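Student: Throughout the sequence shown, residue numbering follows UniProt numbering, covering 3 to 220 in sequence. Can you keep this structure in mind? I'll have questions shortly.
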Amino acid sequence: RPQPLLAPSILSADFARLAESLQVLGDRCVVHVDVMDGRFVPNLTLGMPVVAALRKETRLPLDCHLMIVEPSKYALEFVKAGADWVSIHQEADPHAHRTLTAIREAGAKAGIVLNPGTPVETLTDLVGVFDFVLLMSVNPGFGGQSFIPRVLDKVRRLDALRREREADFFIQVDGGVGPGNAGALVAAGADVLVAGNAVFKAPDPRAAIAGLLKAMDA
Ligand code: DX5
Ligand code: ZN
Numbered sequence: 003r004p005q006p007l008l009a010p011s012i013l014s015a016d017f018a019r020l021a022e023s024l025q026v027l028g029d030r031c032v033v034h035v036d037v038m039d040g041r042f043v044p045n046l047t048l049g050m051p052v053v054a055a056l057r058k059e060t061r062l063p064l065d066c067h068l069m070i071v072e073p074s075k076y077a078l079e080f081v082k083a084g085a086d087w088v089s090i091h092q093e094a095d096p097h098a099h100r101t102l103t104a105i106r107e108a109g110a111k112a113g114i115v116l117n118p119g120t121p122v123e124t125l126t127d128l129v130g131v132f133d134f135v136l137l138m139s140v141n142p143g144f145g146g147q148s149f150i151p152r153v154l155d156k157v158r159r160l161d162a163l164r165r166e167r168e169a170d171f172f173i174q175v176d177g178g179v180g181p182g183n184a185g186a187l188v189a190a191g192a193d194v195l196v197a198g199n200a201v202f203k204a205p206d207p208r209a210a211i212a213g214l215l216k217a218m219d220a
């Protein structure tokens, strides 16, 4: 099993100093970019121009989490802007199969995201079409919310599905992740952990990243 990765979420960083925020990330990091449209979730963040600007500032993978309605309209624009990973919510797209396929054909890794209330069993007929699954461990919209512990069981069930089907997708978890639950999430089968406040609201983000990676490796 490859070493688990950390995906610091720039939603919790200083939006006027994004380039500086990227400087603290190391080679086991991917840059988690939360795109919100004020419709799928009750918050607005950023779009393709910001992703294109980030692309010039880092060689780390850009992981764009689209919390938007009709993600099929914009997914490929994010790939064009420089996204390496693009994830769409299953709840937002009745044609997720088509959109995931298009993201892959455009050359990016395609992810499917499940809200806390959406069971992992709804993915069985999409196995093979996505490169990763993002399990939300908070209701999407804001950083700094508390982790929903039931998601640990979803990670285990998804890991079991992956073994049963001999599939090679990776599992990402997003929301309320910190040093207190990172080890348990990796033990349950998670491969990539998103962390917003635990990194960028820490007094020393570099030390926070080191601490999280240590907890993930324990
Ligand atoms: C929530 C976003 C998350 C958020 C995580 O809607 O998808 O990526 O930035 O922030 P924390 O780690 O603070 O819960
Ligand atoms: Zn996110």
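Beta carbons: idealized from backbone N, C-alpha and C, even for Gly. The structure presented is a predicted model; accordingly, all values stated were derived computationally and were not measured.
Could you name the residues whose beta carbon sits closer than 6 Å to any heavy atom belonging to the ligand ZN, keeping them in chain order?
Tutor: With the cut-off at 6 Å, the residues found are 11, 34, 36, 67, 176, 196.
Student: Going by alpha carbons, who is nearest to residue 14 out of 80, 164, 102, 198?
Tutor: Mapped onto the sequence shown, residue 14 falls at position 12. When only C-alpha atoms are compared, the closest one is 198.
Student: Among the residues of its own chain, which have a CB less than 7 Å from the CB of residue 57, if the five just before and after it don't count?
Tutor: To locate residue 57, count along the sequence shown from 1; it is residue 55. Once the five neighbours on either side are set aside, the close Cβ partners of residue 57 are 64, 83, 84.
Student: Taking all protein chains shown into account, do 16 or more other C-beta atoms lie within 10 angstroms of the C-beta of residue 145, making it buried, or fewer, making it exposed?
Tutor: Counting from one through the sequence shown, the residue named residue 145 turns up at place 143. Buried, by the Cβ-count rule.
Student: From the DSSP secondary-structure annotation, give me the bridge partner or partners of residue 169.
Tutor: In the sequence shown, the residue the question calls residue 169 occupies position 167. Looking at the DSSP assignment, residue 169 forms no beta bridge with any residue, so it has no partner.
Student: Just verifying my parser: in three-state terms, what is the DSSP assignment at residue 216?
Tutor: Translated into positions along the sequence shown, residue 216 becomes position 214. Helix.
Student: Please identify the residue among 167, 16, 53 whose C-alpha is closest to the C-alpha of residue 35.
Tutor: Within the sequence shown, numbered from 1, the residue matching residue 35 stands at position 33. Nearest C-alpha to residue 35: 53.
Student: With a floor of 3 residues, list each beta strand (DSSP E) that falls wholly inside the region 13-39, ordered by position along the chain.
Tutor: List check, beta strand (DSSP E) in window: 33-38.
Student: Under the rule that 16 or more other beta-carbon atoms within 10 Å means buried, what is residue 216, buried or exposed?
Tutor: Working through the sequence shown from its first residue, we reach residue 216 at position 214. Residue 216 is exposed by the Cβ-count criterion.
Student: As a quick exercise: from 102, 17, 119, 179, pick the residue whose alpha carbon is nearest that of residue 218.
Tutor: Within the sequence shown, numbered from 1, the residue matching residue 218 stands at position 216. Looking at the Cα atoms, 179 is the closest of the given residues.
Student: Below 8 Å on the Cβ atoms is my guess for residue 37 versus residue 48; work out the distance and round it to an integer in Å.
Tutor: Counted from its first residue, the sequence shown places residue 37 at position 35. Counted from its first residue, the sequence shown places residue 48 at position 46. Confirmed, Cβ separation roughly 6 Å.
Student: How far does the beta strand (DSSP E) with residue 134 in it reach, from first residue to last?
Tutor: Against the sequence shown, residue 134 aligns to sequence position 132. Unbroken beta strand (DSSP E) run through residue 134: 134-138.
Student: Restricting to Cα atoms, I'd like to know which of 29, 81, 90, 70 is closest to residue 174.
Tutor: Position 172 of the sequence shown, counted from the first residue, corresponds to residue 174. For the residues 29, 81, 90, 70, the minimum Cα distance to residue 174 belongs to 90.
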